[in-house]
Amino acid sequence: MSTATRRASTPAAPDWTGALCAQTDPDLFFPAGHNQASDTRQAKRMCQRCPIQRACAEWAIREGIRDGVWGGLSEDDRRPFIPDRKFGWGEGVQRCLDQQEVLEDRVAEQRSYRQIAEELGVDRTSVRRAVQMLRREEKLAGGVSA
Ligand code: SF4
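Just add 90 to the spot in the sequence shown (first one is 1) and you have the numbering used here.
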């Protein structure tokens, strides 16, 4: 199965038009075996030149995709930012992300995590994790080096 087919068959996938991984060896993006580290680095370098890198990375994080390199992020890179409904973080992170505009406004206003948590009806840890995740996504706009 090609990378494009594997990716297009995943629910709620973005438009993969222009995806660079569709033009190369699909196994590179699902590294395994003794070449795992070098394949991961090579896949990440290709992602950094891909026109849909950000959408790809955001989607992989939001969908809790476990395997492979997506948007320049390996499985290990994504794990801390994956919403809890897939990986056991509390409902609070998802609730924060569902109210992303409010969350971003409050962070811009330099409100404390406690104040934001009270307003959104979640705990402070959920706010902190959601903010970390959004900050990580912002970094993706400028290219991922992780
Ligand atoms: S960012 Fe990487 S994994 Fe995502 S579509 Fe582009 S080349 Fe493929």
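Every residue, glycine too, gets a C-beta built ideally from N, C-alpha and C. Computed from a predicted structure; not experimentally measured.
Below 8 Å CB to CB, which residues in the same chain sit around PHE177 once its five sequence neighbours on both sides are set aside?
-> To locate residue 177, count along the sequence shown from 1; it is residue 87. Confidence at PHE177 is low in this model, with a pLDDT of 49, below 50, so its placement is unreliable and the value that follows should be read with caution. Excluding sequence neighbours, PHE177 sits near GLY154, ARG169.
Please report how far the alpha carbon of MET91 lies from the alpha carbon of GLU208, in whole angstroms.
-> Along the sequence shown, one-based indexing puts residue 91 at 1. Along the sequence shown, one-based indexing puts residue 208 at 118. Low per-residue confidence applies at MET91: pLDDT is 42, beneath 50, and the placement is therefore not dependable enough to give any value.
Please decide whether VAL192 counts as near chain B, where near means a Cβ-Cβ distance under 9 Å.
-> Protein chain content of the structure displayed is limited to a single chain, and chain B is not contained in it.
Beta-carbon contacts of MET136 that lie in its chain and below 6 Å, excluding the five residues immediately before and after | Taking the first residue of the sequence shown as position 1, residue 136 is located at position 46. Correct list, in chain order: LEU110.
Cβ separation of TRP160 and CYS146, assumed to be a contact under 8 Å, to the nearest whole Å | Your numbering for residue 160 matches position 70 in the sequence shown. Your numbering for residue 146 matches position 56 in the sequence shown. Rounded, the Cβ-Cβ distance is 5 Å, consistent with contact.
PHE177, DSSP secondary structure in three states = In the sequence shown, residue 177 corresponds to position 87, counting from 1. Here the model assigns PHE177 a pLDDT of 49, short of 50, so the residue's position is not dependable, and the following value carries that caveat. Note: PHE177 maps to helix in three-state DSSP.
Backbone CA spacing between ASP157 and ARG225 [nearest angstrom] | Your numbering for residue 157 matches position 67 in the sequence shown. Your numbering for residue 225 matches position 135 in the sequence shown. One C-alpha to the other measures close to 22 Å.
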